[in-house]
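Student: Residue numbers (my numbering), protein chains in the order written: chain D, 1 to 756; chain X, 1 to 756.
Just so it is clear, CB atoms sit at the ideal spot from N, CA and C, and this is done for glycine as well.
Computed from a prediction, not measured in an experiment: that's the story for all the values here.
1. Leaving out five residues on either side along the sequence, give the residues of the same chain with a beta carbon under 6 Å from the beta carbon of residue 402(D).
2. Roughly how many angstroms separate the alpha carbons of residue 679(X) and residue 148(X), rounded to a whole number?
3. Please report whether the beta-carbon of residue 95(X) lies at a distance below 9 Å from any beta-carbon of chain D.
4. Listing by chain order, which chain X residues have their CB less than 7 Å from the CB of residue 558(D)?
5. Nearest CA to the CA of residue 496(D): which residue from 471(D), 483(D), 508(D), 527(D)?
6. Use the C-beta contact count for residue 270(D): other C-beta atoms within 10 angstroms, 16 or more gives buried, fewer gives exposed.
7. Only counting the same chain, and skipping five residues up and downstream in sequence, which positions put a Cβ closer than 7 Å to that of residue 129(X)?
8. So residue 628(D) is in the alpha helix (DSSP H); what residue range does that whole segment cover?
9. Please list the terminal residues of the continuous beta strand (DSSP E) segment that includes residue 718(X).
10. On the CB-based measure, 16 or more other CB atoms within 10 Å of its CB, does residue 135(D) come out buried or exposed?
11. From the beta carbon of residue 486(D), is the nearest beta carbon of chain X less than 9 Å away?
12. Under 8 Å between beta-carbons, which chain X residues line up against residue 458(D)? List them in chain order, please.
13. Let me check one thing: in DSSP terms, what residues is residue 564(X) bridge-paired to?
14. Can you give me the Cβ contacts of residue 10(D) inside the same chain, cut-off strictly under 8 Å, excluding the 5 residues immediately before and after it?
15. Any beta carbon of chain X sitting closer than 9 Å to that of residue 576(D)?
16. When DSSP labels each residue in this structure, what does residue 416(X) get in the three-state scheme?
17. Per the DSSP calculation, residue 580(D) is bridged to which residue(s)?
18. Quick one: is residue 73(D) near chain X, going by C-beta distance under 9 Å?
19. For the alpha helix (DSSP H) containing residue 612(D), name the first residue and the last one.
20. The stretch 76-90 of chain D: which residues have C-beta closer than 8 Å to a C-beta of chain X, in chain order?
21. If the cut is a Cβ gap below 8 Å, which residues of chain X does residue 412(D) touch?
22. When the Cα of residue 178(D) is compared with those of 188(D), 481(D), 410(D), which residue comes out closest?
23. Could you please give the first and the last residue of the uninterrupted alpha helix (DSSP H) stretch that includes residue 312(X)?
24. Can you list, in chain order, the residues of the stretch 466-481 of chain D whose Cβ is nearer than 8 Å to any Cβ on chain X?
25. Does the Cβ-Cβ distance between residue 152(X) and residue 252(X) come in under 9 Å?
26. Distance cutoff 9 Å, beta carbons only. Does residue 394(X) sit that close to anything in chain D?
27. Is the beta carbon of residue 584(D) closer than 9 Å to that of residue 554(D)?
28. Taking DSSP as the reference, what is the three-state secondary structure of residue 443(X)?
29. Apart from the five residues on each side of it in sequence, which residues of its chain come closer than 7 Å, Cβ to Cβ, to residue 1(X)?
30. Can you find the residues in the same chain that come closer than 6 Å, C-beta to C-beta, to residue 348(D), ignoring five residues on each side of it along the sequence?
31. How about residue 594(X) and residue 615(X): do their beta carbons lie closer than 9 Å?
32. Assign residue 731(D) to one of three DSSP states: helix, strand, or coil.
33. Any idea what DSSP makes of residue 676(D), helix, strand or coil?
34. Kindly indicate the opening and closing residues of the alpha helix (DSSP H) around residue 476(D).
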């Protein structure tokens with residue numbers, strides 16, 4: 001895989017901690033020490049500025065803009081102009097001079113550097129001892145926290161201490177001058193409030209207003225001065241430090257997509273003043289409660305390997321703070337709010353990799369995720385029209401519902417987001433038996449997706465077989481193939497699901513039936529998708545039990561993945577672009593991905609044959625690949641392989657396995673790490689008729705446990721050396737354990753069967 | 001095909017003529033009235049400027065620049081920055097005011113508009129009667145001519161005549177302010193001579209200097225004033241016109257790629273003064289001789305259809321003036337020097353469609369064409385390395401030898417330019433039996449192409465079959481396919497040719513053998529390409545006699561080409577880009593293209609079966625498609641179809657069949673029109689052991705004739721109602737006629753056999 005671990009953080013249960021500054025990992029650390037409260041998020045950059053490698057990134061969910069440049073050769077259906085999350089407003093920025101010397105850890109002498117981010121309250125603190133040019137020493141501690149209960153607000157404390165008197169010049173700023181893609185800011189029309197430090201600006205093309213107001217309060221009786229630049233505003237304190245001093249800054253940011261355009265700054269100021277009495281410690285306490293509430297429902301423990309434990313706890317902290325259902329207009333960006341890579345876009349990962357975590361720990365967030373797709377049906381229908389089809393085609397990459405991927409070969413040829421949305425509707429209903437999302441638009445979404453798939457698919461010349469031509473399945477190393485297994489299988493699934501749900505819903509809700517008929521979803525349409533589903537070409541060989549990934553795959557020239565030198569990775573940067581498409585090497589699971597989605601009904605022999613065929617051909621160039629393989633390896637009883645891949649999945653960013661954590665965290669891969677424990681070691685299945693468990697204990701661990709919400713009630717599964725213990729924490733729960741239905745009241749114990 | 005004729009020119013034998021201005025065809029006329037002398041060329045725009053639709057384009061062969069913008073997502077092997085022929089220097093520009101009113105045919109009142117371009121001397125003249133706002137009438141006649149003997153020079157005459165006295169203000173300018181792609185000029189650092197009207201500038205990135213000097217001499221004793229702008233310089237005359245006046249302007253342009261950078265303007269001025277005594281009429285006479293010389297060797301006559309005759313005569317005039325072998329650093333740009341479309345690039349058309357015309361009418365030009373590829377071997381080797389291969393990969397589109405196509409799906413997946421170059425080396429040697437081009441680098445080119453093809457090709461998993469994966473053959477509606485027939489067949493041909501030529505050349509030239517061995521072309525390499533050639537997978541079904549265009553083609557969904565509405569064409573603009581790849585519709589011949597290249601050895605049944613299968617699936621969206629089909633239809637005795645397609649090929653631009661003549665002439669399609677007569681109706685074959693003829697007379701014509709150089713001697717073939725007459729104009733010639741060897745001395749007559 002061409003990957004190696006770059007460990008530089010301490011291994012702890014409740015935090016990540018860096019002792020001593022690791023300059024060569026500065027960018028990765030910026031990503032790892034990111035904070036988010038779903039409304040906004042920012043990287044863990046140094047508040048005072050840093051002349052070394054840094055991406056000063058601060059983002060707001062849903063605040064995006066269009067690219068300045070149009071896509072060249074934008075033939076019909078090709079995205080003319082992509083869109084991206086903008087690097088927006090720096091509400092952490094300080095400027096610190098001591099005896100006239102400017103603080104910049106890229107230039108000054110310092111020691112005793114330490115920083116940590118707590119999983120318990122989300123506090124990010126950083127301290128070091130600064131030795132001035134004149135020999136005086138200044139201890140600096142800076143703390144940041146976001147307020148999960150009031151996500152508009154950011155809090156910061158700056159502590160200074162010196163034994164010798166030092167002239168301090170310290171400014172707290174709100175700054176819009178953040179670079180977009182290393183170039184100038186994507187904002188214009190900056191406006192400031194005359195009396196308060198408050199500033200707003202507008203995005204260039206989408207006309208979104210973003211504004212912030214702040215207040216910085218000193219511990220000493222000091223008078224601040226207003227400071228102002230073209231794109232920034234703030235408060236400056238100049239004083240002689242003798243001993244200690246501290247400052248607390250509060251900043252409140254609002255944007256017009258949430259709050260409308262009127263009086264944005266005035267409202268930010270009003271919010272600030274409303275929460276005047278809420279102390280920094282109040283925020284910490286609130287955050288602790290917030291995180292506890294989520295943890296209560298989803299806690300994971302591991303005894304026996306502190307690295308594995310820290311890995312999963314970091315993942316869950318990041319997931320919980322990045323997405324908790326704050327707004328059903330947001331989705332989970334592939335990099336969260338931690339970097340510009342992937343443009344802040346959401347991929348099909350959110351339905352396939354993130355949804356399970358939320359489904360079983362935070363149902364409101366799960367619903368929000370699906371509502372995002374329901375709310376963007378209009379854009380998906382428009383996208384289908386761009387592709388000369390009826391129905392709805394969900395974008396490969398998006399922030400606002402429009403297709404944001406300017407690589408047409410992905411945007412026009414991949415339908416994973418559409419079939420993934422169908423799968424999410426299925427998964428949600430299958431687990432909750434609650435049809436309210438279907439009523440709120442989900443049924444229409446499903447029908448429109450089917451309409452698209454019907455139109456995009458084609459019959460062969462004899463009209464015997466239906467399937468998809470010129471597509472790219474999940475394996476992005478096969479660009480334009482016919483009869484991609486995953487695509488055909490998922491289209492068949494979507495058609496059949498549509499028929500089933502339609503049948504169910506029209507019986508339950510007569511009015512819905514009339515509505516849908518009016519939209520053209522009558523008997524004829526249903527008949528057409530039934531025909532297409534029945535005739536779907538599934539390239540499966542009953543003798544070898546192998547699915548052929550796509551037509552012709554088995555006769556492609558063989559590439560020995562193991563013989564590719566480490567230095568060739570990532571292949572996109574080192575191989576001629578066309579070369580990656582010319583063999584049987586695959587980038588990420590495709591056939592196996594389908595088996596993963598339908599694990600509860602997949603025969604073990606089929607899984608085994610396909611795993612043994614496809615895994616050796618996979619280079620795992622997608623960060624989501626190892627987790628799927630880990631789960632399948634668990635299902636096949638291949639413990640060592642499962643564990644090895646889990647280690648990679650859960651510490652992908654902490655140990656910067658791919659060497660690209662600096663660009664931002666792999667947020668959806670973080671969600672997949674959770675799947676690896678629950679679906680992998682825990683043998684959990686949620687795609688079949690009943691929820692089921694079949695845990696085993698990797699030898700390396702002493703025990704582990706995880707919690708799931710089942711019918712709204714917490715079920716804890718503890719896996720120990722020889723036994724599994726189920727605890728129904730909120731009342732009795734029904735679940736299948738090792739193939740047997742169990743009614744769990746209180747505690748239920750069972751031995752772990754031998755794995756043959 | 002979604003095409004229709006838009007006739008607006010008079011039908012004449014020796015000229016094109018427009019009577020009355022056809023505003024709606026203004027752009028097409030600009031292309032059609034283009035002039036070129038190979039060194040430079042310009043569109044037939046109005047010298048005085050025109051506020052209607054216009055592309056003021058003036059180009060110099062080899063004067064190009066890199067794009068301002070980089071290609072986004074330029075993965076390895078993808079062209080980072082394309083290059084294009086720049087819109088350069090307007091040496092025709094005038095500014096004309098009469099009684100203070102500015103001439104602009106988009107605004108003023110005028111009548112009696114007429115313009116013509118003579119095939120006999122290349123004179124483009126335009127006249128009209130301008131009615132001023134004050135009612136006075138001014139007759140204007142403007143003539144342009146390029147000097148084929150002195151290609152740096154352009155001549156222009158302006159004639160004015162009025163019955164009433166009119167205040168004239170007339171400037172002659174050299175202007176660098178020509179828009180590139182509708183945006184600003186691609187030049188900078190304009191410099192002017194202080195005393196003479198002379199100006200030079202530099203391209204932005206390639207640092208090519210281009211300069212021009214001019215002189216405008218009035219018929220009346222007038223004194224000119226110098227006029228100057230930032231990017232222009234010239235001479236202005238102000239006077240009271242009573243009766244007649246005329247002006248003659250001469251302009252001389254030079255560029256540093258041909259003449260070096262030193263003293264460019266001084267040398268342009270020196271050239272101007274050297275030719276001071278050469279009159280406009282001298283130039284006309286020189287041009288007449290130049291064109292006659294070429295016509296003597298390649299004349300075509302048609303009796304019985306004046307449109308067909310004009311079509312082919314226009315084509316030959318344009319071909320002869322666009323490319324006559326002036327420099328072997330030039331190639332034939334797909335649009336000649338008549339527009340910006342295709343960026344002034346050359347495609348594989350020049351070897352496959354243009355070469356035959358030159359081979360049999362202008363051997364020096366044929367040699368130059370091939371030398372262009374030999375001179376750019378270095379760039380082709382560099383290109384192969386970008387694609388992770390050894391050897392040489394010739395660019396899909398180029399001006400300077402580098403790949404200029406920023407659409408990676410074409411640039412990285414098409415090898416037609418490489419195999420086409422191999423074919424050209426074969427064709428040239430086959431016809432001339434002269435191995436000097438092989439000695440001058442051709443052999444090395446061939447070996448390097450084979451080295452590339454060996455590296456790019458792949459063995460199947462059992463190492464039984466060799467072939468190409470992820471390629472785009474000539475049919476650009478199949479983007480990324482495996483075992484494309486044309487590609488595999490041409491690679492096999494190239495390997496075998498390489499082996500044959502190597503065997504021949506190493507016997508003849510011992511030193512060459514040593515040189516090539518040093519470059520790595522030893523026995524092992526030869527053995528490898530022999531193996532690959534023998535194992536090449538050729539998808540041919542001996543039962544149906546059909547070649548499968550590529551693996552899987554026969555099972556693609558069927559698209560009924562006839563049912564596509566006219567308004568959908570061109571498909572690239574009206575269909576979602578991915579949609580064109582999803583069926584058995586083809587854009588241009590692929591299997592048939594191969595059969596065309598090897599017509600002398602293609603069995604008629606094979607041709608017939610494949611023609612009947614593929615032609616109905618072809619939409620002829622390439623302008624080169626009809627001519628190939630016409631030739632094949634002739635070979636199959638399908639006269640009507642052949643004639644219909646010929647009409648399209650020969651008058652493609654004259655009648656603006658594709659509606660895009662305004663972007664520039666289809667220069668290589670123009671060459672293909674000649675093929676249609678000679679190879680089609682004339683049944684000429686030059687790809688086999690012997691040259692052969694098998695003419696027939698389309699019923700619509702009374703007779704036709706064409707001339708070919710055979711062994712350097714002219715052979716005229718006259719085809720009449722029942723007989724064919726061969727005339728050996730320069731001495732005896734051996735040729736096969738209707739399958740029989742004939743030794744033609746003086747005149748040879750034979751009856752035309754029945755076509756069964």
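Tutor: Considering the structure as presented:
1. 379
2. 29 Å
3. no
4. 461
5. 527(D)
6. exposed
7. 110, 111, 112, 137, 139
8. 625-635
9. 713-719
10. exposed
11. no
12. 557, 582, 583
13. Per DSSP, none; premise fails for residue 564(X).
14. 16, 17, 18, 19
15. yes
16. helix
17. Note: residue 580(D) sits in no beta bridge, so no partner.
18. yes
19. 604-614
20. 76, 77, 78
21. 576, 577, 578
22. 188(D)
23. 306-322
24. 469, 470, 479, 480
25. yes
26. no
27. yes
28. helix
29. Reliability of the predicted coordinates at residue 1(X) is poor, the pLDDT of 46 falling under 50, and the value obtained from them is presented with this limitation in mind. Once the five neighbours on either side are set aside, the close Cβ partners of residue 1(X) are 619, 620.
30. 416, 417, 420
31. no
32. strand
33. helix
34. No alpha helix (DSSP H) holds residue 476(D); DSSP gives it neither H nor E.
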